[in-house]
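The next block holds one structure in the form of structure tokens; read it before the comments.
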Amino acid sequence: MSILLPTYNRRRYLPYALASAVGQTYRNVEVFVVNDGGQDVSDVVRAFGDPRVHFIDRRENRGKPYSLNEALARAQGKYVAYLDDDDVYYPNHVQVLVDALEGSTDCCVAYSDLYKTYCHVLSDGDREIRSKYVEVSRDFDRFLMLYFNHVLHVSLMHRRDLLDRTGPYNEDLNILIDWDMTRRLAFFSDFLHLHVITGEFYSPIGDSDRISIQRRKDPREYLRNVLAIRTTHPPKPWDKLDELSIIVLADRLDQDLAETCKRLWRHTFYPYRLYLPLVPEAIARLDNQMPNVVLVPVDPLSSPAERLDVALQRAEGRYVAILPGALPVEEMWVENPLYALIHDPSNRDGFLLAGAGGERWGGVVRRVDLERARNAYPHLSVEASLTACGIRVRAPRAEELPFQFDELLRQAWQADSDGDWSVAARLCEHLADRHCNELWMRSMAADAHFRAGNDGQAARLCRQVNQVRPTVETLLLEAKVHRRKHEFQTAIRLLQQAEWGLQDRLPAPARTPMACSQD
Amino acid sequence: MDTARTDEFEKRKQTQHYEVLRELGDCYTSVGNYVQAQRCYEKAASIGPDEPGPYIGLGAAALQTGRCEDAEIAFRVACRLDPNCAKAYAGLAMVAQQRKEYPSSFDLYMKSLELDTDNITALLGLFQVSCEMGSFAKVIHYLQVYLDMHPGDTSVMFALAALYLKDNRPEEARRMLLDLLILEPMNNDAKNLLEEVEHCLVPTG
Numbered sequence: 154m155s156i157l158l159p160t161y162n163r164r165r166y167l168p169y170a171l172a173s174a175v176g177q178t179y180r181n182v183e184v185f186v187v188n189d190g191g192q193d194v195s196d197v198v199r200a201f202g203d204p205r206v207h208f209i210d211r212r213e214n215r216g217k218p219y220s221l222n223e224a225l226a227r228a229q230g231k232y233v234a235y236l237d238d239d240d241v242y243y244p245n246h247v248q249v250l251v252d253a254l255e256g257s258t259d260c261c262v263a264y265s266d267l268y269k270t271y272c273h274v275l276s277d278g279d280r281e282i283r284s285k286y287v288e289v290s291r292d293f294d295r296f297l298m299l300y301f302n303h304v305l306h307v308s309l310m311h312r313r314d315l316l317d318r319t320g321p322y323n324e325d326l327n328i329l330i331d332w333d334m335t336r337r338l339a340f341f342s343d344f345l346h347l348h349v350i351t352g353e354f355y356s357p358i359g360d361s362d363r364i365s366i367q368r369r370k371d372p373r374e375y376l377r378n379v380l381a382i383r384t385t386h387p388p389k390p391w392d393k394l395d396e397l398s399i400i401v402l403a404d405r406l407d408q409d410l411a412e413t414c415k416r417l418w419r420h421t422f423y424p425y426r427l428y429l430p431l432v433p434e435a436i437a438r439l440d441n442q443m444p445n446v447v448l449v450p451v452d453p454l455s456s457p458a459e460r461l462d463v464a465l466q467r468a469e470g471r472y473v474a475i476l477p478g479a480l481p482v483e484e485m486w487v488e489n490p491l492y493a494l495i496h497d498p499s500n501r502d503g504f505l506l507a508g509a510g511g512e513r514w515g516g517v518v519r520r521v522d523l524e525r526a527r528n529a530y531p532h533l534s535v536e537a538s539l540t541a542c543g544i545r546v547r548a549p550r551a552e553e554l555p556f557q558f559d560e561l562l563r564q565a566w567q568a569d570s571d572g573d574w575s576v577a578a579r580l581c582e583h584l585a586d587r588h589c590n591e592l593w594m595r596s597m598a599a600d601a602h603f604r605a606g607n608d609g610q611a612a613r614l615c616r617q618v619n620q621v622r623p624t625v626e627t628l629l630l631e632a633k634v635h636r637r638k639h640e641f642q643t644a645i646r647l648l649q650q651a652e653w654g655l656q657d658r659l660p661a662p663a664r665t666p667m668a669c670s671q672d
Numbered sequence: 231m232d233t234a235r236t237d238e239f240e241k242r243k244q245t246q247h248y249e250v251l252r253e254l255g256d257c258y259t260s261v262g263n264y265v266q267a268q269r270c271y272e273k274a275a276s277i278g279p280d281e282p283g284p285y286i287g288l289g290a291a292a293l294q295t296g297r298c299e300d301a302e303i304a305f306r307v308a309c310r311l312d313p314n315c316a317k318a319y320a321g322l323a324m325v326a327q328q329r330k331e332y333p334s335s336f337d338l339y340m341k342s343l344e345l346d347t348d349n350i351t352a353l354l355g356l357f358q359v360s361c362e363m364g365s366f367a368k369v370i371h372y373l374q375v376y377l378d379m380h381p382g383d384t385s386v387m388f389a390l391a392a393l394y395l396k397d398n399r400p401e402e403a404r405r406m407l408l409d410l411l412i413l414e415p416m417n418n419d420a421k422n423l424l425e426e427v428e429h430c431l432v433p434t435g
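Protein chains in written order, with this note's numbering: chain A, 154 to 672; chain B, 231 to 435.
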């Protein structure tokens with residue numbers, strides 16, 4: 154397998170990162186160190202004297218995506234993993250991920266958990282560790298991945314041949330580079346989440362001068378990158394995603410239509426292609442610069458339903474959104490009904506767009522259903538033809554909407570901030586029971602119970618977590634509960650483990666780590 | 231994540247290692263392993279040099295091993311780091327008490343209790359020093375305040391009953407002991423003291 158390690162002006166920390174890469178218990182690795190035009194590190198790399206380490210020493214600074222592509226062009230491994238020059242793997246990192254991928258029949262991507270290690274950087278550059286938290290241990294959620302990255306790149310491993318389908322790293326991006334790739338990987342594979350801590354990434358306390366942080370603070374630059382990521386799709390066929398065809402039925406090409414398209418471009422994160430049925434004269438006038446737009450010439454005298462029929466013949470997506478030009482396009486405008494449609498167990502329903510109804514009818518349906526309805530009842534309106542075909546188009550219910558977990562988590566955080574710790578604990582326990590992300594939520598619930606004074610509940614949850622994946626945080630919490638009960642020897646044992654974890658790494662979990670992949 | 235939660239987490243992410251070491255020091259102190267306790271407190275003090283906690287621990291460990299001077303230095307450092315640290319004053323009071331400097335010890339316990347009326351160590355220390363000095367009024371007041379907040383604390387109930395008796399208030403002592411024996415019917419110290427109180431209450435002549 155191949156480990157890619159781009160570096161730029163971090164001479165001091167590179168030896169630790171590189172040592173952790175060559176020190177893997179899984180020995181069959183090749184490591185590519187790419188100096189992206191930074192300080193000379195050739196002596197650092199040479200000092201390892203390890204034939205498995207390949208050094209690409211470039212004088213010119215071309216950015217991280219360029220460096221990764223450069224290394225990938227030479228990589229030979231079946232799998233690829235990534236390491237930043239100021240982070241470290243634990244010795245089991247590669248073994249854990251390779252074993253999981255070799256043992257999985259459908260996942261070509263896996264990721265583990267990492268400690269976020271807060272440290273003080275001393276005047277000589279040394280890092281003094283203050284705390285280690287597994288801040289996020291989020292199970293894979295494809296819909297979320299399309300919207301926001303929840304997988305740390307340093308924890309990621311994937312089959313190298315997947316890149317033949319995703320394409321290389323996008324060298325036009327200067328932030329969110331990792332998300333761009335994980336998002337594209339999600340078009341082709343589920344991700345296996347391994348609840349094992351296999352490394353650390355460092356976060357210097359009070360350091361807000363990092364280039365990536367500064368760039369994220371520039372809203373225009375941020376939006377430019379986000380839109381570039383959302384609108385760039387890998388080549389088809391996609392194994393795990395079905396495209397959405399959005400057909401906008403506008404009366405004419407005017408400012409309102411232009412505004413609708415602009416908002417749609419800005420607010421849609423699900424991969425789509427936009428179909429605009431317009432009269433040829435309007436198409437000739439249109440100076441379109443939006444990506445993923447298909448202009449469909451239609452007869453000037455045709456009705457909206459007839460225009461839809463023409464556009465539908467060109468549509469490729471499994472799902473079709475029909476948008477009357479006048480509907481407001483906000484965040485989640487199409488993802489809410491689309492998510493309900495994708496997860497509809499009846500396979501018979503379609504879902505209304507928010508604000509649609511009456512004259513301004515708009516909804517999301519399966520393309521096969523729409524084609525059947527239009528073929529059977531071409532003389533009817535779109536809505537009437539669907540009804541005549543037995544397709545019920547309704548508003549999605551609250552429980553059918555996406556990001557249920559995130560909404561409840563937000564409520565838990567709010568309760569926690571308000572000092573309603575028992576409420577926060579209950580919400581987290583509910584999430585653990587019903588929404589995966591079990592260890593993460595149980596840890597949070599334990600903390601909230603402890604602060605609410607529910608020692609028994611806190612101890613129970615900590616024990617459950619620590620038996621599977623002990624962390625410094627949960628060991629400390631369980632120890633505090635035992636100390637309150639004057640069980641000092643047990644508290645000492647737990648605190649010793651926590652201290653060991655802060656210095657180095659935690660002991661192996663007592664049980665086989667859980668794995669969870671979610672479509 | 232909102233601001234309150236962020237601030238809270240901001241603080242916690244800087245103090246986890248410190249907290250582990252301080253907790254470990256406290257646990258080692260509780261089981262009488264003062265060598266390990268000292269090691270942990272010293273490490274905690276190096277990570278959190280502005281925190282009085284490890285110095286309180288170091289002082290307590292030194293006191294337990296009879297090193298009064300080391301204890302005094304540690305408690306004084308804690309006082310300097312946090313001039314409102316009730317535990318530091320209680321520690322200094324204990325040092326004075328060990329040296330039999332009762333008036334000074336009394337004042338330091340009082341100072342500690344002014345800062346934290348809930349400090350049981352200072353309260354019981356004040357009780358002991360008061361007994362040595364034969365001065366009960368102030369300590370009775372603090373014990374009453376404490377009992378209002380912790381109505382079932384039998385050790386304080388017993389101390390208060392003893393003080394009532396010494397202060398020639400046997401009726402109040404008797405009531406306190408009867409309440410205590412409802413909570414702890416097998417408390418022999420309380421039974422013996424009650425016997426003594428009732429003996430005092432028997433009309434003479």
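Glycine included, every Cβ here is placed at the ideal spot set by N, Cα and C. Keep in mind that this is a model prediction, so the values were computed, not measured.
For chain B, none of the residues of the segment 182-195 of chain A brings a beta carbon within less than 8 Å of one of its beta carbons. Between B:V265 and B:E302 the beta-carbon gap is near 20 Å, outside 8 Å, which marks them as no contact. Of all C-beta pairs linking the segment 504-514 of chain A to the segment 427-442 of chain A, fewer than three are shorter than 8 Å, placing the two stretches out of contact.
Using a Cβ-Cβ cut-off of 8 Å, A:I358 is close to K243, Q244 of chain B, given in chain order.
Within the segment 431-483 of chain A, the complete alpha helix (DSSP H) segments of 4 residues or longer fall at 433-438, 457-467, listed in chain order. At a cut-off of 9 Å between beta-carbon atoms, A:E652 makes contact with chain B. Contact between B:V369 and B:L393 holds, since their C-beta atoms are separated by about 6 Å, short of 8 Å. Taking the C-beta atoms as reference points, A:D259 is found nearer than 9 Å to A:D343. Identification of residues in the segment 366-383 of chain B having a C-beta nearer than 7 Å to some C-beta of chain A yields an empty set.
Counting other Cβ atoms within 10 Å of its Cβ, B:C257 reaches 16 or more and is therefore classed as buried. By DSSP's assignment, A:D189 forms a beta bridge with A:R211.
Sequence-ordered contacts of the segment 278-289 of chain B with chain A are nonexistent [C-beta pairs closer than 8 Å].
It is roughly 10 Å from the alpha-carbon of B:K330 to the alpha-carbon of B:A323. Here B:R310 is exposed, its C-beta having fewer than 16 other C-beta atoms within 10 Å. According to the DSSP assignment, B:M379 belongs to the alpha helix (DSSP H) that extends over 367-379. When secondary structure is reduced to three states using DSSP, A:Y375 falls in the helix class.
Check the Cα spacing between A:M485 and each of A:D502, A:L427, A:E524, A:F422: the tightest is with A:F422. Neighbours of B:S260 in chain A, taken as residues whose beta carbon is under 7 Å from its own, are F641 in chain order. Straight-line spacing of the CA atoms in A:M298 and A:P481 works out to 25 Å. Looking at A:E552, A:F354, A:G278, A:R337, the one whose alpha-carbon comes closest to that of A:K393 is A:R337.
Nearest C-alpha to A:R313 among A:I350, A:W574, A:M154, A:A598: A:M154.
Nearest to A:H303 by C-alpha distance, out of A:M310, A:H311, A:D294, is A:D294. Between the segment 645-657 of chain A and the segment 623-635 of chain A, the count of C-beta pairs closer than 8 Å reaches three or more; the two stretches touch. Taking a Cβ-Cβ threshold of 8 Å, the residues of chain B close to A:I282 are H247, in chain order. For a Cβ distance threshold of 8 Å, residue set L629, A632, K633, R636, A644, L648 of chain A lies close to B:E253, ordered along the chain. Close partners of A:Y300 in chain B (Cβ separation under 9 Å) are lacking, with about 17 Å as the shortest Cβ gap.
With the rule of 3 Cβ pairs closer than 8 Å, the segment 345-360 of chain A counts as touching the segment 234-251 of chain A. Closest in alpha carbon position to A:H420, among A:A458, A:G478, A:L376, A:P387, is A:L376. Identification of residues in the segment 330-351 of chain B having a C-beta nearer than 9 Å to some C-beta of chain A yields an empty set. Per DSSP, the unbroken alpha helix (DSSP H) holding B:P333 starts and ends at 332-345. Secondary structure note for A:F344: its beta strand (DSSP E) is the uninterrupted segment 343-357. In its chain, beyond the 5 residues on either side, L157, H306, V307, L309 have a beta carbon closer than 7 Å to the beta carbon of A:Y235. Per the Cβ contact rule, the segment 210-222 of chain A is not in contact with the segment 164-182 of chain A (fewer than 3 Cβ pairs under 8 Å).
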